[in-house]
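Let me begin by presenting the structure, written as structure tokens, before commenting on it.
2 protein chains.
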Amino acid sequence: MHTMFEKLDSAAATMESFVCVGLDPTPERVPIDDVLAFNCAIVDATKDVVSAFKPQFAYYEAMGIDGFRILEKTIQHIRDVAPGHVIVGDGKRGDISTTATAYATAMFEIWDVDIATIYAYQGTDSVEPFLQYPGRGVYIVCRTSNPSSRYIQDLVVDGSDARDQVFDRVANMADRYAGTENVGLVVGATYPVDLRALRSKHPEQHFLIPGIGAQGGVVEETARAGANDRGGGFLVNSSRGIIYASSNPEDFDIEARNEAEKLKNQVNDALKQTARSASKL
Amino acid sequence: MHTMFEKLDSAAATMESFVCVGLDPTPERVPIDDVLAFNCAIVDATKDVVSAFKPQFAYYEAMGIDGFRILEKTIQHIRDVAPGHVIVGDGKRGDISTTATAYATAMFEIWDVDIATIYAYQGTDSVEPFLQYPGRGVYIVCRTSNPSSRYIQDLVVDGSDARDQVFDRVANMADRYAGTENVGLVVGATYPVDLRALRSKHPEQHFLIPGIGAQGGVVEETARAGANDRGGGFLVNSSRGIIYASSNPEDFDIEARNEAEKLKNQVNDALKQTARSASKL
Chain X
55 MHTMFEKLDS AAATMESFVC VGLDPTPERV PIDDVLAFNC AIVDATKDVV SAFKPQFAYY
115 EAMGIDGFRI LEKTIQHIRD VAPGHVIVGD GKRGDISTTA TAYATAMFEI WDVDIATIYA
175 YQGTDSVEPF LQYPGRGVYI VCRTSNPSSR YIQDLVVDGS DARDQVFDRV ANMADRYAGT
235 ENVGLVVGAT YPVDLRALRS KHPEQHFLIP GIGAQGGVVE ETARAGANDR GGGFLVNSSR
295 GIIYASSNPE DFDIEARNEA EKLKNQVNDA LKQTARSASK L
Chain Z
55 MHTMFEKLDS AAATMESFVC VGLDPTPERV PIDDVLAFNC AIVDATKDVV SAFKPQFAYY
115 EAMGIDGFRI LEKTIQHIRD VAPGHVIVGD GKRGDISTTA TAYATAMFEI WDVDIATIYA
175 YQGTDSVEPF LQYPGRGVYI VCRTSNPSSR YIQDLVVDGS DARDQVFDRV ANMADRYAGT
235 ENVGLVVGAT YPVDLRALRS KHPEQHFLIP GIGAQGGVVE ETARAGANDR GGGFLVNSSR
295 GIIYASSNPE DFDIEARNEA EKLKNQVNDA LKQTARSASK L
């Protein structure tokens, strides 16, 4: 059986794209009345230029039980029209023991996502129940892209020669599972220095990189900092920058595709330049 | 308008109980076929000896959309039969920006819980969207009761004279909102030394204390360590220890009530002893 991140590498190679589209619909912002039809139109329009989709669970939960039906049907639609694509369930779940097992059941058996985002503030106890599903994976929230992430994530750990920060220790936790190849990290795009440092310390980890677009990360710098030495091992996610590229019900899907394609090309161009620079050395 | 924690104090005083019952049903363990009927029977049987109920969202999510209907109807039932009781929505959500707002909408408008548990690994950005609901509250996950919590929570912060640990910094974050009185902390029962230290540093914070019963925390020690100097300001939660007190479909509710009442009395006795000792000084 392939590991989840082998599937992801394969999807990225096939699609020649490291782009993940965040499916984060709010009824007030969606330009048509039907949120499910909106999601399906975004998936149909962008699937040829991306390798993954990431529904953010909060937006579905905020719509109540109707929202869960939309989530369920959106995921079914992705499986139907883009069966090789990876689905990241972004719920940032985190708990221990039978509760963590219940979250893993929900993510992998009920919602059928390929990779779930999780917190590991509670340690390995909150990671391991998710690893009972060999064909699935998790991204542990490690270094996020928002200003106040510094309150906890940036703290320097006493007594560590390398002056580890808290987010380094979260990243080290992921290394414990390196052999299983189903644990990656969420590393925001807005701190490229940290992204580069994490890539250097964790050359084989897969990174999910949000913060592109609406949150202000610069695409080329992010792609170069996030890629492994084979020019892969990451996804850049854009949500609002793609799905709300146009508020016009006539062309929102075309504009979403244009934005996704632009992002795909920016990332690929940056990686090609890096490869050319490297080959000149 | 009363703050959420004033409501909680009032419920605890009225019921003379600091006990919260965790409603964490798994269909395989529930002794009758109908999970909703099970929940309602537990609520009916225990409501006179507890002041709060805490559905753990993972267990409902693991049942899919049927599970959300059970959650919805369970909460409605609590509102109907125990309107003064507090409902804690234990989902440990955590995100930023519009996503955090969507989670707050889900917790307070869709599910109508009084207090939501959240992570603050992403900093204050993940707390503040929840504080837009003045009559509601949050418990920030601070010090948990599981062995591997040490990997992150126990790390000592470099350069802090007080040798703060990461969980201290999470607790300090809650102090920023002391005036609003709607931010409390989740502090596990299995590390009474830390519980006592956190109480000493944060005399006015409200604590949700899981880890009683199935997770092994000692009740009396926990109650004394967790109470504020007025003998309140906390909830002890027991889930499996109460709801699965009996696997017999004929008496599971009676046994659940017995366990809840026992816990209520153990806590109250411990607090009375403390008060007596204090008055002798």
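Protein sequences appear in the order of chains X and Z.
Quick note, the first sequence lines up with residues 55 to 335 if you use this note's numbering.
Quick note, the second sequence lines up with residues 55 to 335 if you use this note's numbering.
All C-beta atoms, glycine included, are put in the ideal place defined by N, C-alpha and C.
Please work out which residues of its chain come closer than 8 Å, Cβ to Cβ, to Glu309/Z, disregarding the five sequence neighbours upstream and downstream, and give them in chain order. Correct list, in chain order: Ala299, Ser300, Asn302.
To the nearest angstrom, how far is it from the Cα of Pro79/X to the Cα of Ala329/Z? Those two C-alpha atoms are separated by around 54 Å.
Would you say Ile263/Z and Leu289/Z are within 8 Å of each other, going by their C-beta atoms? For Ile263/Z and Leu289/Z, yes; Cβs fall inside 8 Å.
Quick one: is Arg284/X buried, meaning 16 or more other Cβ sit within 10 Å of its Cβ, or exposed? Flag for Arg284/X reads exposed.
Could you name the residues of chain Z that Thr178/X contacts, counting a contact when the two beta carbons are closer than 8 Å? Those are Ser202, Tyr205, listed as they occur along chain Z.
Return the chain-ordered list of same chain residues with a C-beta closer than 7 Å to the C-beta of Thr144/Z, the five sequence neighbours on each side being excluded. The sequence shown places Asp at residue 144/Z, not Thr. Same-chain partners within the cutoff: Lys108, Pro109, Gln110, Phe111, Thr171.
At the 8 Å Cβ level, is Lys146/Z part of the contact set with chain C, yes or no? No chain C appears in the structure shown, which is made up of the protein chains X and Z.
Between the alpha carbons of Ala277/X and Ala251/Z, how many angstroms are there, rounded? Computed Cα separation, rounded: 45 Å.
Identity of the residue in Gly191/Z, Tyr205/Z, Arg190/Z nearest Arg197/Z by Cα: Of the candidates Gly191/Z, Tyr205/Z, Arg190/Z, the one whose C-alpha sits nearest the C-alpha of Arg197/Z is Tyr205/Z.
Within chain X, the residues that Arg223/Z reaches when beta carbons sit closer than 8 Å: Contact of Arg223/Z with chain X by beta-carbon distance below 8 Å involves Tyr205, Ile206, Leu209.
May I ask you to report which of helix, strand or coil DSSP gives Pro183/X? In the structure shown, Pro183/X sits in a helix (DSSP, three-state: H, G or I).
Outcome for Glu313/Z when other beta-carbon atoms lying within 10 angstroms are tallied against a minimum of 16: So Glu313/Z ends up on the buried side.
Could you check what DSSP says for Tyr298/X in three-state terms: helix, strand or coil? When secondary structure is reduced to three states using DSSP, Tyr298/X falls in the coil class, being assigned neither helix nor strand.
Identify which residue in Met69/Z, Ser64/Z, Tyr114/Z, Glu60/Z has its Cα closest to the Cα of Gly76/Z. Scanning Met69/Z, Ser64/Z, Tyr114/Z, Glu60/Z for the CA closest to the CA of Gly76/Z turns up Tyr114/Z.
Report yes if the C-beta distance between Arg253/X and Ala228/X is below 8 Å; otherwise report no. No, they are not a contact pair.
Using a C-beta to C-beta distance shorter than 7 Å, which residues of chain Z count as neighbours of Tyr113/X? In chain order: Ala156.
Given that a residue counts as buried once 16 or more other Cβ atoms are within 10 Å of its Cβ, and exposed if not, what is Lys101/Z? With 16 or more other Cβ atoms inside 10 Å of its own Cβ, Lys101/Z counts as buried.
Nearest-angstrom Cα separation, counted from Gly242/Z out to Arg223/Z: Distance between the alpha carbons of Arg223/Z and Gly242/Z is about 16 Å.
Taking C-alpha atoms, which residue in Pro81/X, Val211/X, Gly287/X, Ile96/X lies nearest to Ala67/X? Scanning Pro81/X, Val211/X, Gly287/X, Ile96/X for the CA closest to the CA of Ala67/X turns up Gly287/X.
Could one say the Cβ of Gly118/X lies closer than 8 Å to chain Z's Cβ atoms, at least one of them? Residue-level contact by beta carbon holds for Gly118/X and chain Z, with a gap shorter than 8 Å.
For Arg197/Z: DSSP bridge partner residues: DSSP links Arg197/Z through a beta bridge to Val241/Z.
Please decide whether Gly267/Z counts as near chain X, where near means a Cβ-Cβ distance under 8 Å. No, no contact with chain X.
Would a C-beta distance cut-off of 8 Å place Asp168/Z and Met58/Z closer than the cut-off? Closer than 8 Å, so yes.
According to DSSP, what are the bridge partners of Asn322/Z? According to DSSP, Asn322/Z bridges with nothing at all.
Cβ-based contacts, 9 Å cut-off: residues of the region 162-176 of chain X near chain Z: Listed in sequence order: Glu163, Ile164, Trp165, Tyr173, Ala174, Tyr175, Gln176.
Does the distance from the CB of Ser199/X to the CB of Thr178/Z come in under 8 Å? No, these two residues do not count as a Cβ contact at 8 Å.
Using a Cβ cut-off of 7 Å, pull out every chain Z residue sitting near Ala160/X, in sequence order please. The contacting residues are Ala112, Glu115, Ala116.
How long is the line joining the alpha carbons of Pro183/Z and Tyr175/Z, rounded to whole angstroms? Cα to Cα, the separation comes out at about 15 Å.
Which residue's Cα is closest to the Cα of Ser151/Z: Ala116/Z, Leu185/Z, Phe72/Z, Phe122/Z? Answer by Cα proximity: Leu185/Z.
Report the residue from Gln219/X, Arg294/X, Gln320/X, Leu62/X whose alpha carbon sits nearest the alpha carbon of Gly138/X. Check the Cα spacing between Gly138/X and each of Gln219/X, Arg294/X, Gln320/X, Leu62/X: the tightest is with Leu62/X.
Which residues in chain X have a C-beta closer than 7 Å to the C-beta of Met227/Z? List them in chain order. Under the 7 Å cutoff, chain X gives Tyr205.
Kindly identify the DSSP beta-bridge partner or partners of Phe261/Z. Bridge partners of Phe261/Z: Leu239/Z, Phe288/Z.
Between the region 68-101 of chain Z and chain X, which residues of the former have a C-beta closer than 8 Å to a C-beta of the latter? Near chain X, meaning a CB-to-CB distance below 8 Å, the residues of the region 68-101 of chain Z are Asp78, Thr80.
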